[in-house]
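J.:
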Amino acid sequence: MADQPFAVSSHFQLSIGTHALGSFTSCDGLGCAMEVEERVEGGTNGHVWQLPTRLRYTNVVLGRPLSQDTVLVWAWMQQQMIEPFRLPGQLVALGPDRRPLVRWLLDGVLPVRWSGPTFDVDQSQPARETLEIAHNGFLGITV
């Protein structure tokens, strides 16, 4: 395992359907949680049955410094405002050498929120944007 590449300061590429939305420098919320229903059984006092009910996927929040790729995100969001349509998406984590490490294939992606940069002359930080997306789950995870 020591010779396998791993993500240290990764970039993430996002594409939704035919829309390549560029690279992002942060990714948060990529995950899922199993909801469970508790059932008690009469006469069984040693434990409560935990029954799985559904898998719930969290929204993914991607961030990056403002760039010309913002136009790509806006074009996709405009299309979604006219006719919302869930498309499959692909989120790819790139290693330090910019080669793909892991691909998450997402089902039914929709935009939830886009936040533009805050401009402040007192701060010497790059202007950043964030994109939040919702999805129906993972179609697959590949290397």
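With my numbering, the residue at position 64 of the sequence shown is 66, and numbering never jumps. Built from N, CA and C at the ideal position, the CB exists for glycine as well. These numbers come from a predicted model, not from an experiment.
Considering only the beta carbon of each residue, do residue 141 and residue 108 sit closer than 8 Å?
T.: In the sequence shown, the residue the question calls residue 141 occupies position 139. In the sequence shown, the residue the question calls residue 108 occupies position 106. Yes, the Cβ-Cβ distance between residue 141 and residue 108 is below 8 Å.
J.: Note down the Cα distance separating residue 18 from residue 52, rounded to an integer number of angstroms.
T.: One-based indexing of the sequence shown puts residue 18 at position 16. One-based indexing of the sequence shown puts residue 52 at position 50. Near 36 Å, if we compare the C-alpha coordinates of residue 52 and residue 18.
J.: Do you know how far the Cα of residue 36 is from the Cα of residue 124?
T.: Against the sequence shown, residue 124 aligns to sequence position 122. Against the sequence shown, residue 36 aligns to sequence position 34. Roughly 45 Å between the two C-alpha positions.
J.: Out of 136, 54, 117, 137, which has the shortest C-alpha to C-alpha gap to residue 129?
T.: Taking the first residue of the sequence shown as 1, we reach residue 129 at position 127. The option with the nearest alpha carbon to residue 129 is 117.
J.: Between which residues of its own chain and residue 23 is the CB-CB distance below 7 Å, once the five residues before and five after are set aside?
T.: Mapped onto the sequence shown, residue 23 falls at position 21. Around residue 23: 16, 17, 71, 74, 75, 78.
J.: Using 8 Å as the threshold, is the C-beta distance between residue 112 and residue 84 below it?
T.: As a position in the sequence shown, residue 112 is number 110, starting the count at 1. As a position in the sequence shown, residue 84 is number 82, starting the count at 1. Contact flag unset, no.
J.: My output table needs one value for residue 22: the three-state DSSP class, helix, strand or coil.
T.: In the sequence shown, residue 22 corresponds to position 20, counting from 1. Strand at residue 22.
J.: On a Cα-Cα basis, can you pick out the residue from 115, 131, 80 that is closest to residue 67?
T.: By one-based count along the sequence shown, residue 67 stands at place 65. Ranking 115, 131, 80 by Cα distance to residue 67 puts 131 first.
J.: With a 10 Å radius around its C-beta and 16 neighbouring C-beta atoms as the bar for buried, classify residue 145 as buried or exposed.
T.: Taking the sequence shown and counting its residues from 1, the one referred to as residue 145 is at position 143. Per the 10 Å Cβ criterion, exposed.
J.: With DSSP as the reference, label residue 77 as helix, strand or coil.
T.: Residue numbering aside, residue 77 sits at position 75 when the sequence shown is read from its first letter. In the structure shown, residue 77 sits in a helix (DSSP, three-state: H, G or I).
J.: With respect to the beta strand (DSSP E) encompassing residue 40, which residues constitute its N-terminal and C-terminal limits?
T.: Mapped onto the sequence shown, residue 40 falls at position 38. Taken as a continuous stretch (DSSP letters only), the beta strand (DSSP E) holding residue 40 covers 34-41.
J.: Determine the direct distance from the alpha carbon of residue 38 to that of residue 119, and round the result to whole angstroms.
T.: As a first step, residue 119 is located in the sequence shown; it is residue number 117 there, counting from the start. As a first step, residue 38 is located in the sequence shown; it is residue number 36 there, counting from the start. If you take the alpha carbons of residue 119 and residue 38, they lie about 39 Å apart.
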